[in-house]
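Chains A and B supply the protein sequences, listed in that same order.
One rule links them: number in my numbering = place in the first sequence (from 1) + 3.
One rule links them: number in my numbering = place in the second sequence (from 1) + 614.
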Amino acid sequence: MKLTVKTFGVARDVMGGKEVVIETYGNLVLDLRKELILKYPELEKLRSLFIAVNQSYSEETTELKETDEIALIPPVSGG
Amino acid sequence: MIEITDQPINRDKLIKATESAEAGALNVFIGTVRAKTSEKKVILLEYECYEPMAKSEIEKIIIQATTRWPVLKVAISHRIGILKIGEEAVVVAVSTPHRKESFEACQFIIDSLKQTVPIWKKEIFDGGEEWVSAHP
């Protein structure tokens, strides 16, 4: 399925767009993560990379739909 | 009160928002832009935010603080966009009946904010820039 992924911070620099469409072959967060790392190996070098689904941190086994709001959360550094 | 703003933070507004007749303490933390990290001299900071999620994560932190301490009111403002040295990046104001819990709750809130809220800081140096804490 085709997932639209919002990018922020260093992840945007790596992926080169505010939103990037990723084609996955499974419907879990871990399937999306696998595709992301394949396509953008630089993401694996980050200290952490969480995936938010509908504005909440997800689990690796969270199921995804094409209509979900998905965002990549590289290491946060607010404050 | 939770605010994400690209304008200078109005700390008086936050303090007003946390005033309460039951409060014996009103604790305010102000995070400011430092001129130096490790060896490099910082010229500017740029903050970016995933705003709807940032607000809901801040709400979760406030709920956690309220279950641990007798928090009366909380006001949090985080600045985004380009900031110069010395400017205020974040202000946390907490009111409680007594001072000890106001310090503890305020520290918990700012520490948690730095760990979970999707806000990112880029340091801009003379001749380079870097997202803070991005790499190990």
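Glycine included, every Cβ here is placed at the ideal spot set by N, Cα and C.
task = Output the distance between the C-alpha atoms of E653 (chain B) and V704 (chain B), rounded to the nearest integer angstrom.
result = Here the question's residue 653 (chain B) lines up with position 39 in the second sequence. Here the question's residue 704 (chain B) lines up with position 90 in the second sequence. Looking at the two C-alpha atoms, the distance is approximately 24 angstroms.
query = Would S670 (chain B) count as contacting chain A if we go by Cβ distances under 8 angstroms?
reply = In the second sequence, counting from the first residue as 1, residue 670 (chain B) sits at position 56. Yes, because at least one Cβ of chain A sits closer than 8 angstroms to the Cβ of S670 (chain B).
query = Where does A689 (chain B) land, buried or exposed, given buried means 16+ other C-beta within 10 angstroms?
reply = To locate residue 689 (chain B), count along the second sequence from 1; it is residue 75. Under this definition A689 (chain B) is a buried residue.
key: Bridge partners - A55 (chain A), DSSP secondary structure assignment   = The residue you call residue 55 (chain A) lines up with position 52 of the first sequence. DSSP output for A55 (chain A) lists A:Y60, A:A74 as bridge partner(s).
task = Compare the beta carbon distance of V708 (chain B) and N641 (chain B) with 8 angstroms and say whether it is the shorter of the two.
result = The residue you call residue 708 (chain B) lines up with position 94 of the second sequence. The residue you call residue 641 (chain B) lines up with position 27 of the second sequence. Between V708 (chain B) and N641 (chain B), the CB-CB gap stays under 8 angstroms.
task = Would you give the residue range spanned by the beta strand (DSSP E) that E702 (chain B) belongs to?
result = For the purposes of this step, residue 702 (chain B) is taken as residue 88 along the second sequence, with counting starting at 1. Residues 702-710.
inquiry  = Could you check whether I723 (chain B) and K669 (chain B) sit closer than 8 angstroms to each other, using their CB atoms as the reference points?
reply    = What you label residue 669 (chain B) is simply residue 55 of the second sequence in a count that begins at 1. What you label residue 723 (chain B) is simply residue 109 of the second sequence in a count that begins at 1. Judged by beta-carbon spacing, I723 (chain B) lies beyond the 8 angstroms limit of K669 (chain B), meaning their Cβ atoms are not closer than that value.
ask   = If you run the structure through DSSP and keep just helix, strand and coil, what is V32 (chain A)?
value = Taking the first residue of the first sequence as position 1, residue 32 (chain A) is located at position 29. Helix at V32 (chain A).
query = Secondary structure at K5 (chain A), three-state DSSP: helix, strand or coil?
reply = Numbered from its first residue, the first sequence carries residue 5 (chain A) at position 2. Here K5 (chain A) sits in strand by DSSP.
query = In terms of alpha-carbon separation, which member of B:V656, B:E718, B:C663, B:S726 lies closest to E701 (chain B)?
reply = Walking along the second sequence from the start, residue 701 (chain B) turns up at place 87. Comparing Cα positions, the closest option is B:V656.
task = Locate the beta strand (DSSP E) running through K655 (chain B), then write down its first and last residues.
result = To locate residue 655 (chain B), count along the second sequence from 1; it is residue 41. 654-663 is the extent of the beta strand (DSSP E) around K655 (chain B).
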